[in-house]
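These protein sequences, in sequence, are chains H and V.
First residue of the first sequence: 1, per my numbering; consecutive thereafter.
First residue of the second sequence: 1001, per my numbering; consecutive thereafter.
Glycine included, each C-beta is placed from N, C-alpha and C at the ideal position.
These numbers were taken from a predicted model, which means no experiment stands behind them.
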Amino acid sequence: MADTDTLAATYPCLADKVVIVTGAAQGMGAMHARRFVQQGSRVVIADIQDAPGQALAGDLTACGPGEAMFCHLDVASAADWQDLVAGVTARWGRIDVLVNNAAVMAIAGIEDETEAGWDRIMSINPKGSWLGIRAVIPEMRRLGGGSIINIGSIAGFVGSEGHVGYQTSKGAVRMLTKNAAMHYAPENIRVNLVAPGIVDTGFAVEAGDHSDDEYIKLTPLGRLARPEEISAAVLFLASSQSSFITGLDMPVDGGFLAQ
Amino acid sequence: MTRLTSKTAIITGAAQGIGAAIARAFAAEGAALVLTDLQDSAGEALAADLSATGARVLFLHHDVACAADWETIIARTQEAFGGIDILVNNAGIGALEGLETETEDGWQRIVAVNQTGTWLGMRAAIPALRTRGGGAIVNLCSIMGLTGDDGHFAYNATKGAIRTMTRNAAVSYVGDGIRANTVCPGMILTEMAGEEDDETTMDFLNLTPMRRHGRPEEVAMGVVFLASDEASFITGTDLVIDGGYLAR
Ligand SMILES: NC(=O)c1ccc[n+]([C@@H]2O[C@H](COP(=O)([O-])OP(=O)(O)OC[C@H]3O[C@@H](n4cnc5c(N)ncnc54)[C@H](O)[C@@H]3O)[C@@H](O)[C@H]2O)c1
Ligand SMILES: NC(=O)c1ccc[n+]([C@@H]2O[C@H](COP(=O)([O-])OP(=O)(O)OC[C@H]3O[C@@H](n4cnc5c(N)ncnc54)[C@H](O)[C@@H]3O)[C@@H](O)[C@H]2O)c1
């Protein structure tokens, strides 16, 4: 079993790489940022939550060996993306990896969902990921390659009750991944999807969904994922060890989709 | 590189190609290794090579289609290294014939090696993995286990079977702490795949968005990832390493 405090894998290729993680102020995104800094990467923590994002950037930089900075970003805003890319390239001169992690969740079903609710989730989950890819491509092209990791969900693969907006949005992120993978493969920009099962971040439970116990029953492995288990897949896909992998769906789901 | 330190792995079909690359990558990550193959001299040479770099490694003659051979492999591995943590079912053979031209003998042979061999390996290793409190199985499948090929009928069939057998094992043994996943390579430059510029490989290349063949080492790194504790929440899935072939 992976130890929470030690680093299982070392990826020397990630040292000094510039990595943008959206929605990194808390939850899984914060763990991805931590793991990248532990590899020596320079990490942009991009989120709408300024105070926790700034605090995390300070904390990670103090721990090293990489460093982190916080940038305010609403992923649904093209203007914010422009500012972010300009700020990052001004400070660090390159962008190697983008992790589209920010997302919102809603439990409403087809008849309960509102137009405002639907539009909000679509503007953040798939549109935010599209805007992010569009914004970083020129820098990755200039560098002769890059790696983009979109965070999907098992909810983008199989149906459940309710969650119509969330499921549709995560299905869209999955297909966005394949489209971008196809489009940019000749330029050595790889685009892959990590699809978590239920992770111990409170994301699903806080949205008013099932309890942890109910989720554990649905997961063959009999427990929730730890955020660092999702990070391990993200780091592998960001690294040169996955150099022939693009357009992949990588479920990290304790067997959820296998049954 | 210590991702597999204190783990013991069996890798079948390790004398050449992808299997040999997996053996090298596992040795670099600190695993103790049992390499098996029908080809003794190439297998022994690789084992000697890896031993010289300080790896703990043993080569054993093995026909994966033979249940008795598997008994011996498991027993010898336990004797040498005290247990088994990882099984990589990599040995496999190709088939050129299409649905109408395939012969019963040809079919039997490829099913025996690719499909039955993978089952026999899991059946033989699972008790040992269970005794250890868990472990990882990685089965070499192919993009041709996930989609249709033109011709290569029996190969296509056995690789599809490997995919569902792996899911069955994942679901059946999750309670024993055993994870089971496939790695599905696209066109990788080995002897099985043929020469770089022959017609089939060129056709493939044109269908591969990254516009190049994969290298055996690129497949090996995926196997390392799935076999290691980094993949502790990953079971019953397919790690496709294909330069985007299936994303089309
Ligand atoms: N937790 C789970 O069980 C689970 C399961 C499957 C997939 N996921 C996915 O994993 C990712 C992370 O989930 P989490 O559990 O860490 O969630 P979380 O709610 O803990 O964190 C999400 C972060 O995204 C930020 N964010 C929200 N809207 C934003 C916007 N418009 N612009 C920028 N940042 C924004 C939030 O401020 C927050 O910091 C999400 O994509 C989620 O869909 C989570
Ligand atoms: N090369 C590719 O493009 C490619 C693509 C997808 C999947 N694969 C799969 O990857 C695996 C390895 O392929 P490769 O390209 O390295 O092939 P390869 O032919 O170079 O090597 C296969 C090895 O397996 C051994 N072997 C064959 N039958 C055996 C038996 N009955 N018992 C024990 N060993 C046996 C052979 O002696 C050989 O050393 C196979 O399962 C193959 O189907 C390969």
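Return the residue from the list the options that minimises the CA-CA distance to residue i.
i        : options                                : result
G1019(V) : E1191(V), P1209(V), V1240(V)           : E1191(V)
T10(H)   : A258(H), A238(H), L84(H)               : A238(H)
M105(H)  : S169(H), V199(H), Q26(H)               : S169(H)
A1231(V) : E1104(V), N1181(V), R1132(V), G1030(V) : N1181(V)
V36(H)   : G109(H), I95(H), I124(H), L235(H)      : Here residue 36(H) turns out to be Phe, not Val, going by the sequence shown. It is L235(H) whose Cα lies nearest to the Cα of F36(H).
G1145(V) : A1009(V), D1242(V), A1028(V)           : D1242(V)
Q39(H)   : A180(H), A135(H), C63(H), I216(H)      : C63(H)
P1216(V) : G1244(V), A1014(V), M1001(V), L1004(V) : A1014(V)
K1159(V) : I1073(V), N1090(V), H1061(V)           : N1090(V)
G1133(V) : G1236(V), T1008(V), K1007(V), G1177(V) : G1177(V)
M1165(V) : D1085(V), D1203(V), T1237(V)           : T1237(V)
L1087(V) : I1143(V), M1122(V), A1247(V)           : M1122(V)
A79(H)   : R134(H), G255(H), G165(H)              : R134(H)
L1120(V) : L1239(V), A1065(V), I1093(V), A1247(V) : A1065(V)
R1167(V) : V1183(V), N1156(V), A1124(V), L1189(V) : V1183(V)
L1330(V) : A1042(V), A1154(V), A1052(V)           : Because chain V in this structure spans residues 1001 to 1248, residue 1330(V) falls outside the shown range and cannot be described.
T1200(V) : E1218(V), L1004(V), D1149(V)           : D1149(V)
R1003(V) : A1027(V), T1053(V), T1012(V), G1017(V) : A1027(V)
L14(H)   : S147(H), R223(H), A30(H), G58(H)       : S147(H)
G162(H)  : W118(H), G27(H), A25(H)                : W118(H)
T1008(V) : L1239(V), Y1173(V), A1125(V), L1096(V) : A1125(V)
V1111(V) : N1156(V), D1085(V), L1129(V)           : N1156(V)
A1055(V) : H1152(V), D1198(V), L1035(V)           : L1035(V)
M260(H)  : P220(H), G171(H), I95(H)               : What is shown of chain H runs 1 to 259, which leaves residue 260(H) out entirely.
The alpha helix (DSSP H) with residue i in it runs from where to where?
i        : result
C63(H)   : 50-63
V19(H)   : From DSSP, V19(H) is part of no alpha helix (DSSP H) but of the beta strand (DSSP E) over 18-22.
G1017(V) : 1017-1028
D212(H)  : 212-218
L1146(V) : From DSSP, L1146(V) is part of no alpha helix (DSSP H); its letter is neither H nor E.
L1050(V) : 1040-1052
V37(H)   : 27-38
Starting from residue i, trace the beta strand (DSSP E) both ways and give me its first and last residue.
i        : result
A277(H)  : Limits of chain H in this structure are 1 at one end and 259 at the other, which puts residue 277(H) out of reach.
R42(H)   : 42-47
H1062(V) : Unbroken run through H1062(V): none, as it is neither H nor E.
F157(H)  : Premise fails: F157(H) is in no beta strand (DSSP E) and is neither H nor E.
M1230(V) : Contrary to the premise, residue 1230(V) reads as Glu rather than Met in this sequence. Premise fails: E1230(V) is in no beta strand (DSSP E) and is neither H nor E.
S147(H)  : 146-151
M182(H)  : M182(H) -> not in any beta strand (DSSP E); alpha helix (DSSP H) instead, spanning 164-184.
L1033(V) : 1032-1037
F244(H)  : From DSSP, F244(H) is part of no beta strand (DSSP E); its letter is neither H nor E.
D1238(V) : 1238-1241
F70(H)   : 67-72
A1009(V) : 1008-1012
V1138(V) : 1135-1140
Can you find a heavy atom of ligand 4 that lies under 6 Å from the Cβ of residue i?
i        : result
H1062(V) : The ligand content of the structure shown is limited to ligand 1 and ligand 2, which means ligand 4 is not among them.
Secondary structure, alpha helix (DSSP H): runs of 4+ residues fully inside the segment 1153-1214 of chain V: List check, alpha helix (DSSP H) in window: 1153-1173, 1199-1206.
Touch test, the segment 247-258 of chain H against the segment 40-53 of chain H, Cβ-Cβ under 8 Å, three pairs minimum: Verdict: no, contact absent.
Touch test, the segment 153-162 of chain H against the segment 81-99 of chain H, Cβ-Cβ under 8 Å, three pairs minimum: Touching, no, given that fewer than three Cβ pairs across the two stretches are closer than 8 Å.
Beta strand (DSSP E) segments (min. 3 residues) lying fully within the segment 91-133 of chain H: Taken in chain order, the complete beta strand (DSSP E) segments of 3 or more residues contained in the segment 91-133 of chain H are 97-100.
Residues of the segment 241-259 of chain H with Cβ closer than 9 Å to any Cβ of chain V, in chain order: Listed by position along the chain: Q241, S242, S243, F244, I245, T246, G247, L248, D249, M250, P251, V252, D253, G254, G255, F256, L257, A258, Q259.
Residues of the segment 25-50 of chain H with Cβ closer than 9 Å to any Cβ of chain V, in chain order: Along the segment 25-50 of chain H, none of the residues has a CB nearer than 9 Å to a CB of chain V.
Segment contact, 8 Å Cβ cut-off, at least three pairs: the segment 1131-1141 of chain V with the segment 171-188 of chain H: With a cut-off of 8 Å, the segment 171-188 of chain H and the segment 1131-1141 of chain V do not count as touching, because too few Cβ pairs lie within range.
Interfacial residues, the segment 1092-1125 of chain V to chain H, with Cβ spacing under 7 Å: Those residues of the segment 1092-1125 of chain V that come within reach of chain H (Cβ to Cβ, closer than 7 Å) do not exist; the list is empty.
Segments of 4+ residues assigned as alpha helix (DSSP H) that fall wholly inside the segment 1078-1130 of chain V: Entirely contained in the segment 1078-1130 of chain V, the alpha helix (DSSP H) runs reaching 4 residues are, in chain order, 1104-1110.
Meets three-Cβ-pair contact criterion under 8 Å: the segment 1076-1083 of chain V and the segment 1098-1109 of chain V: Counting C-beta pairs closer than 8 Å gives fewer than three between the segment 1076-1083 of chain V and the segment 1098-1109 of chain V, which falls short of the contact rule.
Positions along the segment 146-163 of chain H whose CB lies within less than 9 Å of some CB in chain V: Within the segment 146-163 of chain H, no residue has a Cβ that lies closer than 9 Å to any Cβ of chain V.
Cβ contact (3+ pairs, closer than 8 Å) linking the segment 1043-1057 of chain V and the segment 1017-1034 of chain V: Result yes; three or more Cβ-Cβ pairs closer than 8 Å.
Three-pair Cβ contact test at 8 Å for the segment 214-222 of chain H versus the segment 177-184 of chain H: Flag = no, the segment 214-222 of chain H and the segment 177-184 of chain H do not touch.
Segment contact, 8 Å Cβ cut-off, at least three pairs: the segment 138-154 of chain H with the segment 1197-1212 of chain V: Taking 8 Å as the limit for Cβ pairs, the verdict is that the segment 1197-1212 of chain V does not touch the segment 138-154 of chain H.
Segment contact, 8 Å Cβ cut-off, at least three pairs: the segment 116-130 of chain H with the segment 94-104 of chain H: Judged by Cβ distances under 8 Å, the segment 116-130 of chain H makes contact with the segment 94-104 of chain H, as three or more pairs qualify.
Contact set between the segment 1202-1215 of chain V and chain H, restricted to residues whose Cβ is under 9 Å from the partner: Hits within the stretch, in order: T1208, P1209, M1210, R1211, R1212, H1213, G1214, R1215.
At least three beta-carbon pairs within less than 8 Å, the segment 50-57 of chain H to the segment 111-124 of chain H: Too few Cβ pairs lie closer than 8 Å, so no.
Chain-ordered residues of the segment 162-189 of chain H with a beta carbon less than 7 Å from chain V: Within the segment 162-189 of chain H, the qualifying residues are K178, A181, M182, A185, P186.
Residues, ordered as in the chain, of the segment 215-232 of chain H that lie near chain V by beta-carbon distance below 7 Å: Cβ contacts with chain V: P220, L221, A225, E229, A232.
Positions along the segment 1163-1186 of chain V whose CB lies within less than 7 Å of some CB in chain H: Residues passing the 7 Å Cβ filter: R1167, A1170, V1171, V1174.
Cβ-based contacts, 9 Å cut-off: residues of the segment 1056-1075 of chain V near chain H: Under the 9 Å Cβ criterion, the segment 1056-1075 of chain V contributes no residue.
Within 8 Å of chain H by C-beta, residues of the segment 1005-1024 of chain V in sequence order: Answer in chain order: no residues at all.
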